[in-house]
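K.L.:
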Amino acid sequence: MGFSSELCSPQGHGAVQQMQEAELRLLEGMRKWMAQRVKSDREYAGLLHHMSLQDSGGQSRSSGPDSPVSQSWAEITSQTEGLSRLLRQHAEDLNSGPLSKLSLLIRERQQLRKTYSEQWQQLQQELTKTHNQDIEKLKSQYRALARDSAQARRKYQEASKGLWLPFTASKPNALD
1 MGFSSELCSP
11 QGHGAVQQMQ
21 EAELRLLEGM
31 RKWMAQRVKS
41 DREYAGLLHH
51 MSLQDSGGQS
61 RSSGPDSPVS
71 QSWAEITSQT
81 EGLSRLLRQH
91 AEDLNSGPLS
101 KLSLLIRERQ
111 QLRKTYSEQW
121 QQLQQELTKT
131 HNQDIEKLKS
141 QYRALARDSA
151 QARRKYQEAS
161 KGLWLPFTAS
171 KPNALD
């Protein structure tokens, strides 16, 4: 797959670079957002875990283990601990899955941008070199043809000096 002819110009090159920069900024923003989400989920999971450990048995001692309040409190702390584990697992999954893949994609895009710029520079240098060589070749051909033309003109002028042309000679007088 190649570029269209509109993208082969310096303006097209600039447009491609702007698109690459915008894409990288978007990906970087997504990566930062996901990293912050992982951090926040870990912190929240840690706080929930700390809360569930802090008073896991305190309420059950005051009203007895079989009372509805104790059972409700045990269920609340159990659910809080479960939510803590779920959030921690979700944060780890997000970190090891999409976030790591996104970081890899960003590195690949940065490398692609660098490679594209290097190849563009190389092509521009080759084009300039070829263009300059073509100009020098054409100048050389022009000088050689001008030299040949001047030489042919001199030969023609020398050859035309020695010719007798009947129209240029004086006419004999008819009365003689």
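Counting with UniProt numbering, you get residues 1 to 176 for the letters of the sequence shown.
Glycine included, every Cβ here is placed at the ideal spot set by N, Cα and C.
1) Is it buried or exposed for Thr128, if we count other Cβ within 10 angstroms and need 16 for buried?
2) Determine the closest residue to Val38 out of Gln89, Ser78, Ser72, Val16, with distance taken between C-alpha atoms.
3) Would you call the stretch 104-117 in contact with the stretch 15-22, where contact means no fewer than 3 C-beta pairs closer than 8 Å?
4) With contact counted as at least three CB pairs below 8 Å, one residue from each stretch, are the stretch 139-157 and the stretch 66-73 in contact?
5) Let me confirm a value: Ser84 is counted as buried when at least 16 other C-beta atoms fall within 10 Å, else exposed. Which label applies?
6) How far does the alpha helix (DSSP H) with Asn132 in it reach, from first residue to last?
7) Find the nearest neighbour of Gly82 within the set His49, Leu99, Ser96, Leu102, judged by alpha-carbon distance.
8) Rounded to the nearest angstrom, how far is the Cβ of Ile135 from that of Arg31, given a contact under 8 Å?
9) Quick check on Ala15: buried or exposed, where buried means 16 or more other Cβ atoms within 10 Å of its Cβ?
10) Kindly give me the distance between the Cβ atoms of Leu53 and Arg109, rounded to whole angstroms, as I take these residues to be in contact under 8 Å.
11) If you measure between the beta carbons of Ala91 and Arg42, is that distance less than 8 Å?
12) Just mark Ala45 as buried or exposed, buried being the case when its beta carbon has 16 or more other beta carbons within 10 Å.
13) Just verifying my parser: in three-state terms, what is the DSSP assignment at Ser96?
14) Using three-state DSSP, classify Ser78 as helix, strand or coil.
15) Closest to Leu94 by C-alpha separation, out of Ala35, Glu126, Gln133, Gln71, would be which residue?
16) What residue does the alpha helix (DSSP H) around Leu47 start on, and which one ends it?
17) Spatial neighbours of Ser78 within its chain, please: C-beta separation below 6 Å, excluding the five flanking residues on both sides.
P.N.:
By the coordinates alone:
1) The count along the sequence shown starts at 1 and reaches residue 128 at position 128. Its Cβ having fewer than 16 others within 10 Å, Thr128 is exposed.
2) Taking the sequence shown and counting its residues from 1, one reaches residue 38 at position 38. Here the closest residue by C-alpha is Gln89.
3) Flag = yes, the stretch 104-117 and the stretch 15-22 touch.
4) In this structure the stretch 139-157 does not touch the stretch 66-73; the number of beta carbon pairs closer than 8 Å is below three.
5) Within the sequence shown, the letter at position 84 stands for residue 84. With 16 or more other Cβ atoms within 10 Å, it is buried.
6) Within the sequence shown, the letter at position 132 stands for residue 132. From DSSP, the alpha helix (DSSP H) with Asn132 extends over 100-161.
7) Taking the sequence shown and counting its residues from 1, one reaches residue 82 at position 82. The shortest C-alpha separation from Gly82 is found at His49.
8) Taking the sequence shown and counting its residues from 1, the one referred to as residue 135 is at position 135. Taking the sequence shown and counting its residues from 1, the one referred to as residue 31 is at position 31. Actually they are not in contact, since the Cβ atoms of Ile135 and Arg31 sit about 49 Å apart, beyond 8 Å.
9) Stepping through the sequence shown from its first residue, residue 15 is reached at position 15. It is exposed - the Cβ of Ala15 has fewer than 16 other Cβ atoms within 10 Å.
10) Position 53 of the sequence shown, counted from the start, is the residue given in the question as residue 53. Position 109 of the sequence shown, counted from the start, is the residue given in the question as residue 109. About 44 Å separates the two Cβ atoms, so there is no contact after all.
11) Here residue 91 corresponds to residue number 91 of the sequence shown, with the count starting at 1. Here residue 42 corresponds to residue number 42 of the sequence shown, with the count starting at 1. With respect to Arg42, Ala91 sits close: the two C-beta atoms are nearer than 8 Å.
12) As a first step, residue 45 must be located in the sequence shown, where it is residue number 45. Its Cβ being crowded by 16 or more others within 10 Å, Ala45 is buried.
13) For this step, residue 96 is matched to residue 96 along the sequence shown. Here DSSP, grouped into helix, strand and coil, assigns Ser96 to helix.
14) Along the sequence shown, one-based indexing puts residue 78 at 78. Correct three-state label for Ser78: helix.
15) As a position in the sequence shown, residue 94 is number 94, starting the count at 1. Ranking the options by Cα distance to Leu94, first place goes to Ala35.
16) As a working note, residue 47 is residue 47 in the sequence shown. Here the alpha helix (DSSP H) through Leu47 covers 10-54.
17) Translated into the one-based positions of the sequence shown, residue 78 becomes position 78. By the criterion of a C-beta distance shorter than 6 Å, Ser78 is surrounded by no residue of its chain, once the five residues flanking it on both sides are discounted.
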